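Colleague: Questions regarding the structure given below will be posed in turn.
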Amino acid sequence: LELAAICYALLFSQGSLNIITDSSYDANVAFCLESAYLKHVANHLLFTELRTLWSLINSQQHDFYMIHVLSHAGLPGPITEGNNYADITVMTGVVPNTFAQAKFSHNFFNQNAHSLHKQFQLTSSQAHVILLSCRSCGVATAPLEKATNP
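Be aware that the sequence shown starts at 1, since it is given in the UniProt record's numbering, and climbs by one per residue.
Dropping the structure here:
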């Protein structure tokens with residue numbers, strides 16, 4: 001998502017541009033991509049984004065500068081405030097509710113039911129539903145009966 005935002009900024013900029021990102025991956029990719037040989041990768045969407053970014057960087061008429069800032073550092077100032085605003089804006093558009101956020105998070109990190117319950121303020125049964133619906137751990141994880149020692 002952030003690579004797409006960087007591409008969008010480069011595509012529609014009409015002058016010099018400062019890009020501030022909290023993704024060290026994106027900052028490093030943009031820094032190295034100008035002189036890189038782009039090899040095909042298995043993830044088609046990622047390859048398309050990288051190819052687009054490579055093309056935009058190499059066809060820029062104006063200077064641009066990219067800086068990496070630490071995310072969620074809690075430091076004062078307009079850069080971190082803008083970063084927090086961008087994070088909130090992106091997250092509200094991508095994942096609409098807490099249950100969906102928890103399911104998305106579990107699909108990536110494979111947290112257990114207790115962690116999902118604590119992190120997303122779900123009920124225990126909601127957390128177990130997420131585990132049971134997971135293809136990689138749904139079969140192996142069954143809800144425990146009350147007063148059962150795991």
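Note that the Cβ used here is the ideal one computed from N, Cα and C, for glycine as well. Please read all numbers here as calculations on a predicted model, not as lab measurements.
Which full runs of the alpha helix (DSSP H) of 4+ residues lie inside the segment 51-111, going along the chain?
Modeller: 78-94, 98-109
Colleague: The beta strand (DSSP E) that contains LEU17, what's its start and end?
Modeller: Position 17 of the sequence shown, counted from the start, is the residue given in the question as residue 17. Taken as a continuous stretch (DSSP letters only), the beta strand (DSSP E) holding LEU17 covers 17-21.
Colleague: Any idea if HIS114 is buried or exposed, counting beta-carbon neighbours within 10 angstroms, 16 or more meaning buried?
Modeller: Within the sequence shown, residue 114 is the residue found at index 114, counting from 1. Classification for HIS114: exposed.
Colleague: How should HIS117 be labelled, buried or exposed, when 16 other C-beta atoms within 10 angstroms of its C-beta is the threshold for buried?
Modeller: Residue numbering aside, residue 117 sits at position 117 when the sequence shown is read from its first letter. It counts as buried.
Colleague: Keeping to the same chain, check which residues put their C-beta closer than 7 angstroms to that of ASP63; ignore five residues upstream and five downstream.
Modeller: Taking the sequence shown and counting its residues from 1, the one referred to as residue 63 is at position 63. Hits under 7 angstroms: SER16.
Colleague: Let me know the secondary structure DSSP gives GLN14 once reduced to three states.
Modeller: Here the question's residue 14 lines up with position 14 in the sequence shown. Reduced to three states, the DSSP call for GLN14 is coil.
Colleague: Count the other C-beta atoms from every protein chain shown that fall within 10 angstroms of the C-beta of PHE109, then say buried if there are 16 or more, exposed otherwise.
Modeller: Looking up residue 109 in the sequence shown gives position 109. Its Cβ having fewer than 16 others within 10 Å, PHE109 is exposed.
Colleague: Excluding the 5 residues flanking ASN83 on each side, which residues of the same chain have their C-beta closer than 7 angstroms to its C-beta?
Modeller: Along the sequence shown, read from residue 1 onward, the residue named residue 83 stands at position 83. If the five residues before and after ASN83 are omitted, its C-beta is found closer than 7 angstroms to the C-beta atoms of ILE20, ASP22, VAL69, SER71, all from its own chain and listed in chain order.
Colleague: Less than 9 angstroms separating the beta-carbons of ASN112 and LEU131?
Modeller: Translated into positions along the sequence shown, residue 112 becomes position 112. Translated into positions along the sequence shown, residue 131 becomes position 131. Yes, the Cβ-Cβ distance between ASN112 and LEU131 is below 9 angstroms.
Colleague: Could you give the DSSP three-state label for SER136: helix, strand or coil?
Modeller: Along the sequence shown, one-based indexing puts residue 136 at 136. In the structure shown, SER136 sits in coil (DSSP, three-state: anything other than H, G, I, E or B).
Colleague: Find the nearest neighbour of LYS39 within the set ALA27, PHE104, TRP54, judged by alpha-carbon distance.
Modeller: Here residue 39 corresponds to residue number 39 of the sequence shown, with the count starting at 1. Measuring from the Cα of LYS39, the nearest candidate turns out to be TRP54.
Colleague: Using beta-carbon positions only, say whether LEU3 and LEU50 come within less than 9 angstroms of one another.
Modeller: Residue numbering aside, residue 3 sits at position 3 when the sequence shown is read from its first letter. Residue numbering aside, residue 50 sits at position 50 when the sequence shown is read from its first letter. Their beta carbons are under 9 angstroms apart, which means LEU3 touches LEU50 by this criterion.
Colleague: Go ahead and pull the three-state DSSP assignment for LYS39.
Modeller: For the purposes of this step, residue 39 is identified with residue 39 of the sequence shown, where counting begins at 1. Under the three-state reduction of DSSP output, LYS39 falls in the coil class, being neither helix nor strand.
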